[in-house]
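Mapping to numbering that gives the first Met the number 0: the sequence shown position 37 is 36, numbers consecutive.
C-beta: ideal position from N, C-alpha, C; glycine also.
Since the model is a prediction, treat every value here as computed from it, not as a measurement.
Here the structure comes first, spelled out in structure tokens, and everything after it is commentary.
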Amino acid sequence: MAILGIRIIGDPVLRTPAQEVTEFGPEIQKLVDDMEQTMENVDGAGLAAPQVGVSLRVFTYQIGKERGHIINPVLELSEDFQPDEIEGCLSIPGISAPVPRRRQVVASGVDKFGKPVRIAGEGMLARCVQHETDHLDGILFLDRLAPEEKKAAWRTLRAGNYEQTATATVAQRAGFLGSSFGAGMGN
């Protein structure tokens with residue numbers, strides 16, 4: 000297994016809808032294993048394949064004792080919303096904001112071997128599944144913010160020191176992991 004570089008906002012792969020996985024073999028199994036290791040090493044709640052530069056519909060997650068992955072997810076969402084909670088993103092270091100999300104989710108897809116899998120949850124698990132599926136559609140959590148929150152987040156991103164924050168985060172990850180994390184930064 001390997002630690003993968005995490006792409007930072009500005010990288011086009013984060014805004015490109017990911018392609019469905021059609022072949023299940025050693026390559027997709029390695030990708031999932033590497034994503035799980037990367038997510039664990041950076042203490043993430045979830046990680047989508049586009050965040051590591053791979054435009055495929057795959058994500059991993061770890062919320063409490065719930066841990067796994069799903070490929071080609073299709074979501075069923077409840078009509079009601081949960082209270083807004085603060086979200087952040089490994090691809091947008093240093094920025095967090097309250098994001099509206101549906102209360103419950105059921106995600107159907109397959110695992111890395113092509114076998115059917117289903118994730119059902121609410122609360123933080125539902126929030127994570129929606130956040131990661133957004134990544135697969137080229138959507139960032141910033142796109143879901145209320146207008147004032149969105150303006151504030153984009154002001155921070157446009158500020159001269161955000162690039163320094165993102166660069167420092169990538170360098171810190173690389174130093175902590177002893178990997179080539181910086182290779183994935185999209186400027």
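Around the C-beta of Ser90, 16 or more other C-beta atoms lie within 10 Å, and the residue is accordingly described as buried. Taking the C-beta atoms as reference points, Ala106 is found no nearer than 9 Å to Glu84. Here Ala125 is near Arg100, since their CB atoms are less than 9 Å apart.
Here Val116 really is in contact with Gly108; their C-beta atoms are around 6 Å apart, less than 8 Å. The closest CA to that of Gln36, considering only Arg66, Arg154 and Pro82, is found on Arg66. Distances from the alpha-carbon of Ile8 to those of Gly122, Ile94, Met0 and Phe112 put Ile94 closest.
Membership of Glu75 in the beta strand (DSSP E) is indicated by the continuous run Glu65 to Leu76. In the three-state reduction of the DSSP assignment, Pro82 falls in the coil class.
The secondary-structure analysis by DSSP pairs Ser107 across a beta bridge with Val73 and Arg117.
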